[in-house]
Amino acid sequence: MHVKPLTPADLALAASLLVLLGLLSWRLRLGLAKNLAIAAARTTVQLLLIGHILRLLFAHVHIVYMALISLVMLIAAGREVMARQQRRVSGLQGWLIGSGAMFLSSFTVTFLALTVVIGNEPWYAPQYAIPLLGMLLGNTMSGVAVAMDRMTETLWRERRVVEQRLLLGQTAAEAVGEIRRQAIRSGMTPIINSMATAGLVSLPGMMTGQILGGSSPMDAVQYQILIMFLICAGTGFGAIAAIRGVERRLFDGRHRLRLDALQTADEEQRP
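Residues in the sequence shown are numbered consecutively from 143, following the numbering used here.
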């Protein structure tokens with residue numbers, strides 16, 4: 143069994159729904175028409191580009207090529223994490239915190255899955271490595287971005303409370319303990335909700351793709367369970383690592399709150 147190929151007319155029909163949605167957004171003055179058009183264009187260009195790249199990778203399997211495309215994915219994910227925060231850690235350190243957390247979590251979990259669980263030869267075969275890393279990195283990126291945004295925004299809003307706790311003799315870790323827990327929970331909530339409703343409310347993308355490709359439903363289910371567990375672990379480890387990094391950056395060795403290390407997107411764009 144093979145997947146039925148789609149024609150340009152099929153894709154055009156799906157695109158017409160977005161055009162209709164854009165017109166409705168414009169009519170209701172939602173301010174989403176431009177963003178919707180940009181997102182649709184980026185999706186089309188990026189997916190077509192990765193399709194050609196994957197075709198070349200499948201034909202020329204080499205660990206160096208895999209390392210390069212993995213690095214590009216990590217850099218792009220790090221940029222998206224920074225872009226999704228209202229108040230971000232300033233400078234290169236902010237990007238390093240988010241990217242480092244995703245590298246330690248997503249890449250480690252992916253390597254473990256490829257070498258120990260799946261055990262394909264070679265372990266870096268692109269038909270396994272790229273989809274797996276992409277799913278883990280994408281979900282970890284969202285979790286890390288939400289957790290970091292919650293941490294920095296709450297610290298800014300409750301800075302007086304935190305400083306009072308520090309004046310009363312609490313350490314930095316004690317003063318922000320509840321804020322840290324809330325931030326990590328926020329980062330993990332989406333994947334936990336997805337796991338709780340998988341199979342009842344929604345059929346996850348990888349499982350659906352395998353079934354459409356002709357795989358046995360039970361084989362597809364087992365792979366999807368594996369992926370959900372890996373994504374949850376990667377998201378959790380990534381959120382914890384990112385929050386620890388933010389905490390270290392916003393407090394100095396004398397346990398003083400350093401909110402001057404934060405900046406908004408508007409401040410970053412100023413000359």
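Glycine is no exception: its CB is placed at the ideal position from the N, C-alpha and C atoms.
Straight through space, the alpha carbons of P359 and A338 are spaced by roughly 20 Å. By the beta-carbon neighbour count (other beta carbons within 10 angstroms, threshold 16), Q228 is exposed. As summarised for the segment 161 to 246, the continuous alpha helix (DSSP H) elements at least 4 residues long and confined to that stretch are 175 to 201, 205 to 225 and 233 to 244, given in chain order.
By the C-beta criterion, the segment 226 to 246 is judged not to be in contact with the segment 300 to 314, since fewer than 3 inter-stretch pairs fall below 8 Å.
For A218, the closest alpha carbon among the candidates G242, R169, Q312 and P264 is that of G242. In the three-state scheme derived from DSSP, where H, G and I count as helix and E and B as strand, T406 is classed as strand. Per DSSP, Y266 is not a residue of any alpha helix (DSSP H), being assigned neither H nor E.
Between the C-alpha atoms of Y270 and E320 there is a straight-line separation of about 39 Å.
Per DSSP, reduced to three states, the secondary structure at L309 is helical. F249 and L198 have their C-alpha atoms spaced approximately 22 Å apart. Excluding sequence positions up to five before and after P268, its CB lies within less than 7 Å of the CB of L196, L199, F200, V203 and M208, all in the same chain and listed in chain order. Residues V223 and R226 of the same chain have their beta carbon placed closer than 6 Å to that of A287, with the five preceding and five following residues left out of the count. Within its own chain, the residues whose Cβ lies closer than 7 Å to the Cβ of A384, once the five positions on either side in sequence are excluded, are I239, G240, A243, V286, A289 and M290, listed in chain order. Within the same chain, Cβ atoms closer than 8 Å to the Cβ of M215 are found at L275, G276 and L279, the five residues on either side in sequence being excluded. Here the alpha carbon of M330 sits roughly 19 Å from the alpha carbon of G341. By a beta-carbon distance limit of 8 Å, G376 contacts T282. Their separation comes to about 5 Å. If you look at P147, you'll find it isn't in any alpha helix (DSSP H); DSSP assigns it neither H nor E.
Each of I192, R221 and G220 was checked against the Cα of I211, and the nearest Cα belongs to I192. In this chain, G261 is not harboured by any alpha helix (DSSP H), its DSSP state being neither H nor E.
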